[in-house]
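Trainee: Encoded as structure tokens, here's the structure I'll be asking about.
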Amino acid sequence: MLSKITNQLKTNFNQFSLLTMLCVSLMVSVVVNAQQLDANRIKAAYMINFIKHISWPNEVSKNSYRIAIYKDKLFYQFLLRSLTNKIIKGKAISVIYANNITKLKTVDVVYVPAEFNQDLHKIANALRGHEILLVSDASKEKHDVMINLNHQANSTVISFEINKSNIVYEKLQMSNELLLLGGTELDVATLYRETEVAMQKTRDQDIVLKMKLSAQKKQLANSKWQLQTSKKQLTKSIRETRKQKIDLKKLKHDVIQKQNLLTAQEKKLANISTLFKKNEQRLIQQQQVLAEKEQKNQNMLQRVEENKEILTQQNKLLEDHRLQLEQQDQELVNRNQTINSQQAYILITTILVAIAVFVSLLVVFFFIKNKKTTYELTKTLTYLENTQEQLIQSEKMASLGALVAGVAHEINTPLSIAITSNSLVIDDTQEVKQKITEGSLSKSRMDKHIEKVEESLSMSEKALERVKILLANFKQVAADQVFDDLRELNLAEYIEEVMMTLSVEMKKNHITYQFNGETTIEITTLPGALAQILTNLVNNSIRHGFENKEFGNITISLRLPKKPNDETTTEQQYAAQVIYHDDGVGMNTEVLKNIYEPFFTTKRNKGNTGLGMNIVYNIINQKLKGEIKITSELGAGATFVISLPKSI
1464 MLSKITNQLK
1474 TNFNQFSLLT
1484 MLCVSLMVSV
1494 VVNAQQLDAN
1504 RIKAAYMINF
1514 IKHISWPNEV
1524 SKNSYRIAIY
1534 KDKLFYQFLL
1544 RSLTNKIIKG
1554 KAISVIYANN
1564 ITKLKTVDVV
1574 YVPAEFNQDL
1584 HKIANALRGH
1594 EILLVSDASK
1604 EKHDVMINLN
1614 HQANSTVISF
1624 EINKSNIVYE
1634 KLQMSNELLL
1644 LGGTELDVAT
1654 LYRETEVAMQ
1664 KTRDQDIVLK
1674 MKLSAQKKQL
1684 ANSKWQLQTS
1694 KKQLTKSIRE
1704 TRKQKIDLKK
1714 LKHDVIQKQN
1724 LLTAQEKKLA
1734 NISTLFKKNE
1744 QRLIQQQQVL
1754 AEKEQKNQNM
1764 LQRVEENKEI
1774 LTQQNKLLED
1784 HRLQLEQQDQ
1794 ELVNRNQTIN
1804 SQQAYILITT
1814 ILVAIAVFVS
1824 LLVVFFFIKN
1834 KKTTYELTKT
1844 LTYLENTQEQ
1854 LIQSEKMASL
1864 GALVAGVAHE
1874 INTPLSIAIT
1884 SNSLVIDDTQ
1894 EVKQKITEGS
1904 LSKSRMDKHI
1914 EKVEESLSMS
1924 EKALERVKIL
1934 LANFKQVAAD
1944 QVFDDLRELN
1954 LAEYIEEVMM
1964 TLSVEMKKNH
1974 ITYQFNGETT
1984 IEITTLPGAL
1994 AQILTNLVNN
2004 SIRHGFENKE
2014 FGNITISLRL
2024 PKKPNDETTT
2034 EQQYAAQVIY
2044 HDDGVGMNTE
2054 VLKNIYEPFF
2064 TTKRNKGNTG
2074 LGMNIVYNII
2084 NQKLKGEIKI
2094 TSELGAGATF
2104 VISLPKSI
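Using our numbering, the letters of the sequence shown map in sequence onto residues 1464 to 2111.
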């Protein structure tokens, strides 16, 4: 094989000697021209000549020669401009830009710039067998190159070297004239030596792998020894298992005790369920009473409207009487003037006495009639005050009904959790009993059962504790709604209790609530009145503020009153300020002006009475001895600032 290669080298050398003279003259002109061109122009010229002197197996069927430039945009753009409309061997030339190896497999010539020589070996392996000419630039990997460009130091001259064996392997044919352009053919003996060096490296790697294999065999032997040790430990574990069976009998005794405890918990749950049913019956009765009260309230409102109409008519009558009296006075004046001009002093005196008598009688008449009218107005005012008090009580009953409904809904969830947990424990206990009877109960299954029992008992205890807290809150807030007794309370805690009772209504309308501010303020006040105020404000937000809104937010802040800037402010007499804010639709100037007026509402055709905010205003100012202020703009929600004294 080596002698054949040597003969081939000698033949090539003789051919090279014969053409030396011709090459000298040609190279002189090429070198002169190359010094005048830049590197890109020289590379472009070489690419054209490579295509001229290389033949492809399927060259006849090609429509054009395709050149791919690998990741070099500048040279790609230059070559594209240079080879536009260029024809070589009767075919056009197309240039493409390739940023990955896959695109290189569809062309005839591939150029890899020097800055990407680290990818040359991978590219050469990917293109092997695809009949593609690979042109590299200053590559040191001679095994992978076909045509490799070389740059001479301190010169613009570029030469190239050819690895003919790689070209022949790709079934490409190279003309002898290609070497005359300034190329050299790589020494086959040198390539063979480099191949031997690579093979020696491979042998050295093989020796290293064998050494690693020997080490792994030693590790395998060590693993076998460890396996034998594990078998011994397994035998020891079997002995321990027998001992654990004895412990299992003791655990069975513990299970019986746990079951007794579970039975006691079930009895407690049955008692709570009975109590819950009684509360539901009471709730139904209270709802019936509430319906009757609402009917009475409707009748009472109707009577109030009728009384308002009567009062309006009476005011009109009084106004008519006043006008008539003024006209009569004017007539008397005119008559007096006529009498003074026509009659003597005595006649004037007589007429004046008559007039005085007449006026006295008229005054007495109107005094009696006015007294009767005042009595009727006082009676009507007393009736209106009683009606307002009854409306306040009705509002309390309505709030109490909503409170009962909310608490019933909240209690249902933890009770369902407790019932479900106990049902799971009962089912699992039956399964454990069956396994004990069959003698197939394992320690792991028993441990799992005990863990499940403890988890279920914990869930039941938490759920029942939640029920206890809800019932305590319900008891306190409901009592405050019914009895108007003064009581000292923590304002923040009581607000949280009331808002908890309204949570169901807020959730149903997709409203979120949050509290912030002072948490240590304590005052002596009427808790029921305060609860009714918060209930009316929340209902007002739901019905008016969040109308046509999918979601809403309510914020309640608690703070100490601000220090007064002057002596005219009244904030200094209050101990706390409750700031209620919603981000609803807000109110215009007209609504703000009349919001506290009785019977004022923007939704009278939807059944609203217009007394909700009037009741809030009267409760705060009359019962709680406080004051309320409101600020609002359309689209910016509403804010109510309620100032409360330390004690009533």
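C-beta atoms are modelled at their ideal positions from N, C-alpha and C, and glycine is treated no differently.
1) For the alpha helix (DSSP H) containing A2038, list its first residue and its last residue.
2) Considering only C-alpha positions, which residue in the set K1536, K1534, S1518 and D1535 is nearest to Y1528?
3) Can you say whether L1485 is buried or exposed, counting buried as having 16 or more other CB atoms within 10 angstroms of its CB?
4) In this structure, how does DSSP classify L2107 when only helix, strand and coil are distinguished?
5) Considering T1964, what are the terminal residues of the alpha helix (DSSP H) in which it resides?
6) When the Cα atoms are used, what is the spatial distance from I2105 to A1727?
7) Taking three-plus beta-carbon pairs below 8 Å as touching, is the segment 1661-1679 in contact with the segment 1545-1552?
8) Just list the residues that DSSP pairs V1575 with in beta bridges.
9) Sorted by chain position, which residues of the same chain lie with C-beta nearer than 6 Å to L1641's C-beta, five sequence neighbours on each side aside?
10) If we count Cβ pairs, one from each stretch, closer than 8 Å, do we get three or more for the segment 1599-1613 versus the segment 1554-1564?
11) How big is the Cα-Cα spacing for K1756 and Q2085?
12) With DSSP as the reference, label F1623 as helix, strand or coil.
13) Which ranges does the beta strand (DSSP E) cover as unbroken runs of at least 3 residues, wholly within the segment 1963-1993, from first to last along the chain?
14) Can you name, in chain order, every residue of its own chain whose Cβ lies under 7 Å from the Cβ of E2013, other than the five neighbours on each side?
15) Going by DSSP in three states, T1483 sits in which element: helix, strand or coil?
16) Pick from Q1995, A2038, T1987 and D2046: whose alpha carbon is nearest that of H2007?
17) Quick check: what's the CA-CA separation for T2031 versus M2050?
18) CB K2109 to CB A2038, shorter than 7 Å?
19) Taking all protein chains shown into account, do 16 or more other C-beta atoms lie within 10 angstroms of the C-beta of A1955, making it buried, or fewer, making it exposed?
20) Please go through the same chain and pick out, in chain order, the residues whose beta-carbon is closer than 7 Å to the beta-carbon of K1906, but skip the five residues on each side of it.
21) Quick check on the burial criterion: 16 or more other C-beta atoms within 10 angstroms. Buried or exposed for N2011?
22) Roughly how many angstroms separate the alpha carbons of H2044 and S2020, rounded to a whole number?
23) Answer with buried or exposed for T2064, where buried requires no fewer than 16 other C-beta atoms within 10 angstroms of its C-beta.
24) Near S1903, what residues of its chain come up, given a Cβ to Cβ distance below 8 Å and the 5 sequence neighbours on each side ignored?
25) Can you check whether the CB of Y1560 is closer than 7 Å to the CB of Y1574?
26) By the three-class DSSP mapping on this structure, what secondary structure does N1588 have?
27) Please look up how many angstroms separate the CB atoms of F1623 and G1646, rounded, as I've assumed it's under 8 Å.
28) Among F2103, E1928 and L1989, whose alpha-carbon lies nearest the alpha-carbon of L1878?
29) What are the residues that DSSP puts in a beta bridge with A1531?
30) Which term fits N1629, buried or exposed, when burial requires 16 or more other beta carbons within 10 angstroms of its beta carbon?
31) Taking the alpha carbon of S1886 as the reference point, which residue from D1600, L1725 and T1982 has its own alpha carbon closest?
32) From the DSSP output, which residues share a beta bridge with T2094?
33) In terms of residue numbering, what span does the alpha helix (DSSP H) encompassing G2075 cover?
34) Just to confirm the assignment, what range does the alpha helix (DSSP H) spanning S2150 have?
Mentor: The relevant details are as follows:
1) In the sequence shown, residue 2038 corresponds to position 575, counting from 1. Note, A2038: premise wrong, no alpha helix (DSSP H); not H, not E.
2) Position 65 of the sequence shown holds residue 1528. Checked all of K1536, K1534, S1518 and D1535; the closest Cα to Y1528 is S1518.
3) For this step, residue 1485 is matched to residue 22 along the sequence shown. Note that L1485 scores 39 on pLDDT, short of 50, meaning its location in the model is unreliable and no value can be drawn from it.
4) The sequence position of residue 2107 within the sequence shown is 644, counting from 1. Strand.
5) Reading the sequence shown from its first residue, position 501 is the one you call residue 1964. Counting along the chain, the alpha helix (DSSP H) containing T1964 begins and ends at L1954 to T1964.
6) Here residue 2105 refers to the residue found at position 642 of the sequence shown. Here residue 1727 refers to the residue found at position 264 of the sequence shown. Distance between the alpha carbons of I2105 and A1727: 50 Å.
7) Judged by Cβ distances under 8 Å, the segment 1661-1679 makes no contact with the segment 1545-1552, as fewer than three pairs qualify.
8) In the sequence shown, residue 1575 corresponds to position 112, counting from 1. Answer is S1599, bridged to V1575.
9) Stepping through the sequence shown from its first residue, residue 1641 is reached at position 178. Within the same chain, L1641 has close Cβ partners H1516.
10) no
11) Here the question's residue 1756 lines up with position 293 in the sequence shown. Here the question's residue 2085 lines up with position 622 in the sequence shown. Roughly 24 Å separates the two Cα atoms.
12) In the sequence shown, residue 1623 corresponds to position 160, counting from 1. F1623 falls in the strand class under three-state DSSP.
13) Every beta strand (DSSP E) stretch that sits fully inside the segment 1963-1993 and reaches 3 residues is listed by chain position as 1974-1980 and 1985-1988.
14) Residue 2013 sits at position 550 when you count from the first residue of the sequence shown. Correct list, in chain order: H1973.
15) If you number the sequence shown from 1, residue 1483 lands on position 20. A caution first: T1483 carries a pLDDT of 42, below 50, which makes its placement in the model unreliable, though a value can still be read off. T1483 falls in the helix class under three-state DSSP.
16) Residue 2007 sits at position 544 when you count from the first residue of the sequence shown. For the residues Q1995, A2038, T1987 and D2046, the minimum Cα distance to H2007 belongs to D2046.
17) Within the sequence shown, numbered from 1, the residue matching residue 2031 stands at position 568. Within the sequence shown, numbered from 1, the residue matching residue 2050 stands at position 587. Its pLDDT being 42, under 50, T2031 is placed unreliably by the model, and nothing is read from it.
18) Counting from one through the sequence shown, the residue named residue 2109 turns up at place 646. Counting from one through the sequence shown, the residue named residue 2038 turns up at place 575. Yes. Within cutoff.
19) For the purposes of this step, residue 1955 is taken as residue 492 along the sequence shown, with counting starting at 1. It counts as buried.
20) As a position in the sequence shown, residue 1906 is number 443, starting the count at 1. Answer for K1906: Q1707 and L1711, listed in chain order.
21) One-based indexing of the sequence shown puts residue 2011 at position 548. When all chains shown are included, N2011 counts as exposed.
22) For the purposes of this step, residue 2044 is taken as the residue at position 581 of the sequence shown. For the purposes of this step, residue 2020 is taken as the residue at position 557 of the sequence shown. Each residue's alpha carbon lies about 8 Å from the other.
23) Taking the sequence shown and counting its residues from 1, the one referred to as residue 2064 is at position 601. Looking at its Cβ environment, which holds 16 or more other Cβ atoms inside 10 Å, T2064 is buried.
24) One-based indexing of the sequence shown puts residue 1903 at position 440. Counting only Cβ-Cβ distances below 8 Å, and skipping sequence neighbours, we find nothing.
25) Working through the sequence shown from its first residue, we reach residue 1574 at position 111. Working through the sequence shown from its first residue, we reach residue 1560 at position 97. The answer is no: Cβ separation not under 7 Å.
26) Translated into positions along the sequence shown, residue 1588 becomes position 125. Of the three classes helix, strand and coil, the one that applies to N1588 here is helix, per DSSP.
27) Locating residue 1623 in the sequence shown gives position 160, counting from the first residue. Locating residue 1646 in the sequence shown gives position 183, counting from the first residue. Sure, about 5 Å apart at Cβ, within 8 Å.
28) Taking the first residue of the sequence shown as 1, we reach residue 1878 at position 415. The residue with the shortest Cα to Cα distance from L1878 is E1928.
29) Taking the sequence shown and counting its residues from 1, one reaches residue 1531 at position 68. Bridge partners of A1531: I1559 and V1573.
30) Looking up residue 1629 in the sequence shown gives position 166. So N1629 ends up on the buried side.
31) Numbered from 1 along the sequence shown, position 423 holds the residue referred to as residue 1886. Among D1600, L1725 and T1982, the Cα nearest to that of S1886 belongs to L1725.
32) For the purposes of this step, residue 2094 is identified with residue 631 of the sequence shown, where counting begins at 1. The partner list for T2094 (beta bridge, DSSP) reads T2102.
33) Along the sequence shown, one-based indexing puts residue 2075 at 612. Counting along the chain, G2075 sits inside the alpha helix (DSSP H) bounded by residues G2075 to N2081.
34) For the chain, the structure presents residues 1464 to 2111; residue 2150 sits outside this window and is missing.
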